[in-house]
Amino acid sequence: MNREVVNFFLKHLQVERRLSPLTLRSYEIDLLQFLDFLAPENLLVNQIKSQTIRAWLVALSNQGIQNRSINRKLATLRTFYKYLQRRGDVTDNPMQTIRMVKTSKTLPTYLRESEMEQVFAQQEIPKNTFEEVRDQLVLMLLYGTGMRLAELIQLTPQQVNLSAKTLRVIGKRNKERIIPMPTILVDLVKQYQALNPFQSQYLVITDKGEPCYPMFVQRLVKKYLGEVSTLEKLSPHVLRHSYATHLLNRGADLNAIKELLGHSNLAATQVYTHNSMEKLKEIYIQAHPKA
1 MNREVVNFFL KHLQVERRLS PLTLRSYEID LLQFLDFLAP ENLLVNQIKS
51 QTIRAWLVAL SNQGIQNRSI NRKLATLRTF YKYLQRRGDV TDNPMQTIRM
101 VKTSKTLPTY LRESEMEQVF AQQEIPKNTF EEVRDQLVLM LLYGTGMRLA
151 ELIQLTPQQV NLSAKTLRVI GKRNKERIIP MPTILVDLVK QYQALNPFQS
201 QYLVITDKGE PCYPMFVQRL VKKYLGEVST LEKLSPHVLR HSYATHLLNR
251 GADLNAIKEL LGHSNLAATQ VYTHNSMEKL KEIYIQAHPK A
């Protein structure tokens, strides 16, 4: 019964809320882990109390799961039980007394502008193959527009307007936004399309012409960023953080960056002001006679 209820919920998210496949997969993973925890006691999801959820949190913590990941799983359960409550499957929502666990605030990891210049300096060597241009395009899409990994994977040729130099990106909760494209990115798309021997509904594809997947992009990004940076975490999201930080350092308005990133509220964007402040301190120390 538990799995059947979860399947109905996932279908609801897909049809009613039109969540992306990657987001749906995250919900499914979290809920299946919760069902695994309930299985030994044969507990049903519509009968448990808050004590059971707290016991699951302790079990997750004992497994070494980070607090941020635990909070994501709690958010999944909160959405799940609101759904069950609306359906009338539960009368007392066990999530009502559950609070998020405390997390330490970490600043976004980003590359310096000089490091990004090195990345693209290496890319300036003439590229003649589809694979080489595709790699270059992936890096520039992520850094040149700040889009998310999930948005990159789902990007179609129809969302690219080369004449207007804009991209129409479908973000979280199916929210659309328009992002300007730098000229170098426009030229890259044209070169890529000319070299692409495959027919696909997606813009970025693998060497075999198949739809791109997260690990493929992650490996690609880590390969090229690893040549210029010693950061422990070299992921597609680091390029998104770099995009936002460099815009802010060069005087871009915070509200404009919020719109470009597709954030739903300004608080999510304000974290980049901390990185910008570090840049200002660095300049002050270097330039002020009394520093």
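The sequence shown begins at 1 in UniProt numbering and counts up by one.
Beta carbons are placed, not taken as given, at the ideal position from N, Cα and C, and that holds for glycine.
Keep in mind that this is a model prediction, so the values were computed, not measured.
Residue from the options with nearest C-alpha to residue i
{"i": "Lys148", "options": "Ser242, Asn2 and Leu31", "result": "Checking the sequence, you will find Arg at residue 148 rather than Lys. Taking only the C-alpha atoms, the option nearest Arg148 is Ser242."}
{"i": "Met215", "options": "Leu167, Phe34, Ala150 and Thr230", "result": "Ala150"}
{"i": "Leu225", "options": "Thr273, Leu111, Leu60 and Ile153", "result": "Leu111"}
{"i": "Ser163", "options": "Glu232, Val186, Gln193 and Gly262", "result": "Val186"}
{"i": "Ile65", "options": "Asp30, Thr97, Ile48 and Thr206", "result": "Asp30"}
{"i": "Val37", "options": "Val221, Pro21, Arg3 and Asn67", "result": "Here the sequence assigns Phe to residue 37, which means Val is not the residue at that position. It is Arg3."}
{"i": "Asn7", "options": "Glu28, Pro21 and Ala75", "result": "Glu28"}
{"i": "Pro211", "options": "Phe198, Ser69 and Thr183", "result": "Phe198"}
{"i": "Ile184", "options": "Thr206, Gly209, Gln218 and Tyr143", "result": "Tyr143"}
{"i": "Met1", "options": "Ser20, Val15, Glu232 and Leu32", "result": "Leu32"}
{"i": "Asp89", "options": "Thr76, Asp135, Phe9 and Ser69", "result": "Phe9"}
{"i": "Glu16", "options": "Gln218, Arg173 and Asn196", "result": "Arg173"}
{"i": "Val217", "options": "Leu231, Asp135 and Arg250", "result": "Asp135"}
{"i": "Arg54", "options": "Gln96, Arg87, Pro21 and Ala121", "result": "Gln96"}
Straight-line Cα distance separating residue j from residue i
{"i": "Val133", "j": "Thr245", "result": "26 Å"}
{"i": "Val169", "j": "Glu176", "result": "6 Å"}
{"i": "Leu141", "j": "Thr166", "result": "12 Å"}
{"i": "Arg25", "j": "Arg18", "result": "13 Å"}
{"i": "Pro236", "j": "Ile179", "result": "18 Å"}
{"i": "Thr145", "j": "Met181", "result": "7 Å"}
{"i": "Pro40", "j": "Ile98", "result": "23 Å"}
{"i": "Ala194", "j": "Phe130", "result": "9 Å"}
{"i": "Leu155", "j": "Tyr202", "result": "6 Å"}
{"i": "Asn128", "j": "Leu35", "result": "51 Å"}
{"i": "Lys222", "j": "Leu234", "result": "5 Å"}
{"i": "Pro157", "j": "Gly262", "result": "20 Å"}
{"i": "Gly171", "j": "Ile285", "result": "39 Å"}
{"i": "Lys258", "j": "Thr269", "result": "6 Å"}
{"i": "Gln85", "j": "Gln63", "result": "30 Å"}
{"i": "Ala252", "j": "Leu260", "result": "11 Å"}
{"i": "Leu266", "j": "Leu254", "result": "8 Å"}
{"i": "Thr91", "j": "Ala75", "result": "19 Å"}
{"i": "Lys73", "j": "Glu117", "result": "38 Å"}
{"i": "Lys208", "j": "Ser69", "result": "34 Å"}
{"i": "Val5", "j": "Ser264", "result": "30 Å"}
{"i": "Ser200", "j": "Ala256", "result": "33 Å"}
{"i": "Thr79", "j": "Arg87", "result": "13 Å"}
{"i": "Pro21", "j": "Pro289", "result": "55 Å"}
{"i": "Arg219", "j": "Val271", "result": "27 Å"}
Test item: CB-CB of residue i and residue j under 8 Å
{"i": "Val119", "j": "Leu137", "result": "no"}
{"i": "Val204", "j": "Val160", "result": "no"}
{"i": "Asn71", "j": "Val45", "result": "no"}
{"i": "Thr273", "j": "Leu248", "result": "yes"}
{"i": "His12", "j": "Tyr83", "result": "yes"}
{"i": "Pro108", "j": "Ile48", "result": "no"}
{"i": "Leu43", "j": "Thr52", "result": "yes"}
{"i": "Glu113", "j": "Val228", "result": "no"}
{"i": "Thr103", "j": "Asn67", "result": "yes"}
{"i": "Tyr213", "j": "Ile153", "result": "yes"}
Those residues which DSSP pairs with residue i across a bridge
{"i": "Ile29", "result": "According to DSSP, which records beta bridges pairwise, Ile29 is partnered with nothing at all."}
{"i": "Ile178", "result": "Arg168"}
Could you tell me which uninterrupted alpha helix (DSSP H) segments, each at least 4 residues in length, are contained entirely in the region 136 to 169, listed from first to last along the chain?
-> You should have 149 to 154.
Whole beta strand (DSSP E) elements within the region 39 to 90, 3-residue minimum | Runs of the beta strand (DSSP E) inside the region 39 to 90: none found.
List in chain order: all unbroken beta strand (DSSP E) runs of 3+ residues lying wholly within the region 202 to 238.
-> Runs of the beta strand (DSSP E) inside the region 202 to 238: none found.
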